[in-house]
Amino acid sequence: MARLKTLGPGSLAAILKRLLDILYYLLWAALGVASLVTLLIFAVGIYGVTGIGPSLPPELRDLLQMSVVVALPFAIFGLVALTFIVHKLRNVADTLVQGDPFVPENAGHLRSIALAILAYQLTSYAAHGVLGLLLTLFGRPVESGVSLTPEFSVNLGAWFAVLALFVLSEVFREGTRLREEQKLTI
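Okay, structure coming up:
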């Protein structure tokens with residue numbers, strides 16, 4: 151039975167790199183769609199303020215509710231953060247496919263991924279707070295009479311990933327330093 155290698159061309163790392171490539175381009179497409187929706191909301195806002203032309207169809211007005219308008223920037227930030235994370239993972243996977251993971255850049259990539267997850271988590275908390283505040287202030291009814299109570303929850307997995315990535319970035323930095331020292335001593 152043939153064993154699949156983990157590093158180099160034709161390895162598990164190469165399969166991971168291809169999957170990350172596909173995800174990266176899908177995320178860019180999602181960002182494009184989100185940008186078009188943002189432009190539509192902006193155009194509809196200007197259209198409504200100026201009062202030019204006939205009124206908007208009720209379906210479009212229902213689609214562009216305040217919660218969508220407020221949540222969209224947070225969603226776009228989330229897509230940007232996820233695209234950035236996948237881009238950095240692609241860079242790391244590329245070094246794995248080349249068979250040389252202990253390059254100085256990988257420590258920076260892992261640190262950048264940790265910072266992006268941290269920023270995403272903090273933005274997620276802010277988004278939940280802002281949406282909860284707006285829904286409370288404007289007293290928007292919720293379907294079927296259910297009351298909406300904002301709740302705070304901590305994603306321990308994400309915070310563990312942030313800590314683990316900071317540790318791994320230091321491991322990669324130290325591994326690179328030791329490898330460079332070894333090259334100088336031989």
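In this text, residue positions in the sequence shown follow my numbering: the first is 151, and each later residue adds one. We put the beta carbon where it would ideally sit given N, CA and C, even for glycine.
Locate the alpha helix (DSSP H) running through residue 323, then write down its first and last residues.
-> 306-335
Return the CA-CA distance between residue 181 and residue 272, expressed in angstroms with no decimal places.
-> 20 Å
Ordered along the chain, which non-local residues of its own chain (more than five positions away) have a Cβ less than 6 Å from that of residue 261?
-> 319
Environment of residue 156 [buried if 16+ CB atoms lie within 10 Å] = exposed
Near residue 231, what residues of its chain come up, given a Cβ to Cβ distance below 7 Å and the 5 sequence neighbours on each side ignored?
-> 266, 269 and 270
Residues of its chain near residue 187, where Cβ-Cβ distance is below 8 Å and the 5 sequence neighbours each way are ignored | 222
Test item: CB-CB of residue 192 and residue 264 under 8 Å = no
Assign residue 238 to buried or exposed, taking buried as 16 or more other Cβ atoms, counted over all protein chains shown, within 10 Å of its Cβ.
-> buried
Whole angstroms is fine: what's the gap from residue 178's alpha carbon to residue 167's?
-> 17 Å
How many Å lie between residue 305 and residue 227 at the Cα?
-> 18 Å
Got a sec? Which residues, its chain only, sit under 6 Å from residue 242 by beta carbon, not counting five neighbours each side?
-> 256 and 259
Quick one: what does DSSP say residue 171 is sitting in, helix, strand or coil?
-> helix
Can you tell me which of the three DSSP states residue 252 falls into?
-> coil
So is residue 246 buried or exposed if we call it buried at 16+ other beta carbons inside 10 Å?
-> buried
When the Cα atoms are used, what is the spatial distance from residue 280 to residue 323?
-> 39 Å
CA-CA distance, residue 329 and residue 252?
-> 8 Å
Pick from 169, 160, 234 and 225: whose alpha carbon is nearest that of residue 185?
-> 225
Taking the C-alpha atoms as reference points, what is the distance between residue 170 and residue 162?
-> 12 Å
Return the Cβ separation of residue 326 and residue 254 in integer angstroms, given the expectation that the two are a contact with Cβ distance under 8 Å.
-> 5 Å
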